[in-house]
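Residue numbers (the numbering used here), protein chains in the order written: chain F, 4 to 540; chain W, -13 to 174. Even for Gly, the Cβ is constructed at its ideal location relative to N, Cα and C. The structure under discussion appears below in the form of structure tokens.
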């Protein structure tokens, strides 16, 4: 038997030393199973973008089957986007490498890999810009921090721009307000042009566009699922409800993230929406085509983002509703709040949202005509419309994760907390440097919530989990509330790995537990079928 | 009876901070330079959970090595570190190098006093403890990796859990945190 390697040999096998010069060229990315997302299929790219000539490839292969004129495509695509998006040019030029962002990325914090420092991740793109799109770069080349566009650069982009969750925590600390998420978006868009994209993003984009939701649940199955939930709700409350689907002329179109109707624990949040709307007697409708708030287009290209956003509004117009109510979704809210107006808006054919229950006019949504459900529910509670029994949630010791996009892209901090505090008696905040605008990402946004990437996500989500652990240890917190469907899917394994004993919930699951519906039977369990406090025996 | 028994321990207690610091440096050398610098220098445990965990737990483990019999603190501390290393981009041997490298650190720090004072017997016992520590880390590492695979299976099920429940009659909630088709959970 061979001798095991000595410690010294093992030490020497790790070479992470950063060379002082040319580090980006000298340390090529190493693709190994579990550290990358699987590529999109050629037919997906051809179907959605009309991209012809794509071939099968794998990150672990030497040859990525790039088109012959790939450099020309990237250059031309870059040039076009620099002209089109003034922000991109500013972001490329303005960074002074002050380092304020460097240690703010959860992927850097969890891995220690310098290329995950936002400044260096952006430099992967900026170095190409500097070399070929600036006069000084053309003359000085490497001396000005520029570098040649090689196939290795493409591989590096794929590695690191697909380790960015577009959460924008780093941007918060940038004195110039450079939006690293937009740099990632543009880099991914350029990769898209040469056929480099992930399956986990393209499949949901196509399904959402064609069928209406990420996993391609057809309309009749959507109806079945809602019916199943109606049965579950009847069993729980004794009340039979009848959620409207594709109802023309309804006042409000409700758009949830699809994760809430096929994946636990989001399903309980979806039941919560339905129970609340029924109790209010709300004139609303679900739609089988606009059955997805999630916009994975944000993770691939402006074109895809625009088309997915447009279909929600097209459906609102077709159904003749007055305004749109949006569910506990994440990225949808960045698109609606920050891009919608220049992509597809303003939505002049809709009315400024006004709660039919309280009369409150949501002026903040006067352009997009779309209200976040925690804003809507907070207003209901504020106006004392709901009969709530928070003691039904007394077995839950709750903390709240500010989901990145509702938090940083629309400043939604108070409403979810106001709702939670009115439906739960035990609420505890995580440390202040990890919540509100400084919230740590779940580690899985921007299309990284795929199976093959799980190990990477564990390290990316570690700073978030570490803050949850603090309130778990100190206050015995056993429930992590959030308002994003990706959170609800990825937090259970993240918690199970780092903080066993903490479960995950949407805010409207907590609302529905506490909601005393008119004429309901005495409830024995919560929405999950767990005994209510005091009814365990 | 060896009259020098306990003297090495006393020496190590006196030089604890220095030795633990050397160990921390050696452990962090397995990260890229800029990453290691951040892990070492940022003291806020929420801004830098990896570095904070290493600083805290290496010190705890060192304390456990100095005890006659280790307490539950030892596996807890080893777990905290291995749990991190198991999801970072290391091969198994690289991941566990945090522990194996302790022998090098101890040699560098203790060789001279051990030779001078004739503490060899106590030193050999200490090295045996470091070996046991490494073995404990192997056990925990494997458990962490097993957990990852369990979570993968679990997530694949939960992603469509409602559909599985309603269409296939498979309720993944009944299976606890494991594979519903495994032997353990089949008995439920």
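C-beta atoms of residue i and residue j nearer than 8 Å
i             : j             : result
residue 88/W  : residue 41/W  : no
residue 531/F : residue 271/F : yes
residue 363/F : residue 419/F : no
residue 453/F : residue 489/F : no
residue 320/F : residue 273/F : no
residue 415/F : residue 475/F : no
residue 286/F : residue 356/F : no
residue 380/F : residue 407/F : no
residue 253/F : residue 322/F : yes
residue 524/F : residue 288/F : no
residue 108/F : residue 120/F : yes
residue 70/F  : residue 56/F  : yes
residue 220/F : residue 50/F  : no
Member of the options whose CA lies at the smallest distance from the CA of residue i
i             : options                       : result
residue 260/F : 293/F, 368/F and 470/F        : 293/F
residue 217/F : 519/F, 299/F and 343/F        : 299/F
residue 268/F : 521/F, 517/F, 518/F and 506/F : 506/F
residue 161/F : 513/F, 537/F, 468/F and 450/F : 450/F
residue 498/F : 446/F, 539/F and 486/F        : 446/F
residue 34/F  : 459/F, 512/F, 539/F and 470/F : 459/F
residue 52/F  : 74/F, 136/F, 198/F and 80/F   : 198/F
residue 390/F : 283/F, 295/F and 129/F        : 283/F
residue 130/W : 112/W, 45/W and 78/W          : 78/W
residue 149/W : 513/F, 410/F, 256/F and 232/F : 232/F
residue 13/W  : 2/W, 43/W and 30/W            : 43/W
residue 536/F : 519/F, 399/F and 493/F        : 399/F
residue 27/W  : 130/F, 82/F, 115/F and 55/F   : 115/F
residue 120/W : 65/W, 24/W and 86/W           : 86/W
residue 136/F : 83/F, 315/F and 514/F         : 83/F
Per-residue burial, residue i [other beta carbons within 10 Å of its own, 16 or more giving buried]
i             : result
residue 153/W : exposed
residue 74/W  : buried
residue 223/F : exposed
residue 203/F : buried
residue 266/F : buried
residue -1/W  : exposed
residue 156/F : buried
residue 61/F  : exposed
residue 182/F : buried
residue 427/F : buried
residue 103/W : exposed
residue 50/W  : buried
residue 24/F  : Annotation note: pLDDT 47 at residue 24/F (below 50); position unreliable, coordinate value reported separately. It is exposed - the Cβ of residue 24/F has fewer than 16 other Cβ atoms within 10 Å.
residue 63/W  : buried
residue 30/W  : exposed
Interface flag, residue i vs chain F, CB-CB below 8 Å
i             : result
residue 134/W : yes
residue 32/W  : yes
residue 25/W  : yes
residue 95/W  : no
residue 10/W  : no
residue 114/W : no
residue 29/W  : no
residue 141/W : yes
residue 57/W  : no
Min CB distance residue i to chain W below 8 Å
i             : result
residue 112/F : yes
residue 129/F : no
residue 228/F : yes
residue 449/F : no
residue 24/F  : Confidence at residue 24/F is low in this model, with a pLDDT of 47, below 50, so its placement is unreliable and the value that follows should be read with caution. By this cut-off, residue 24/F is not an interface position.
residue 482/F : no
residue 264/F : yes
residue 231/F : yes
residue 115/F : yes
residue 124/F : no
residue 534/F : no
residue 270/F : yes
residue 249/F : no
residue 500/F : yes
Ordered list of beta strand (DSSP E) runs contained in the region 125 to 153 of chain W, each at least 3 residues:
Entirely contained in the region 125 to 153 of chain W, not one beta strand (DSSP E) run reaches 3 residues.
Segments assigned beta strand (DSSP E), at least 3 residues, entirely inside the region 407 to 473 of chain F:
Within the region 407 to 473 of chain F, no run of beta strand (DSSP E) reaches 3 residues while sitting entirely inside it.
Continuous beta strand (DSSP E) assignments of at least 3 residues falling wholly in the region 305 to 379 of chain F:
Runs of the beta strand (DSSP E) lying entirely within the region 305 to 379 of chain F, each at least 3 residues long, are 326 to 329 and 373 to 375 in chain order.
Would you mind listing the alpha helix (DSSP H) stretches within the region 27 to 69 of chain W that are 4+ residues and don't spill past its ends, in chain order?
Assignment of alpha helix (DSSP H) within the region 27 to 69 of chain W, counting only whole runs of 4 or more residues, yields 35 to 51 in chain order.
Counting only runs of 4+ residues fully inside the region 238 to 274 of chain F, write out the alpha helix (DSSP H) ranges in chain order.
As far as the region 238 to 274 of chain F is concerned, its whole alpha helix (DSSP H) runs of at least 4 residues are 262 to 265.
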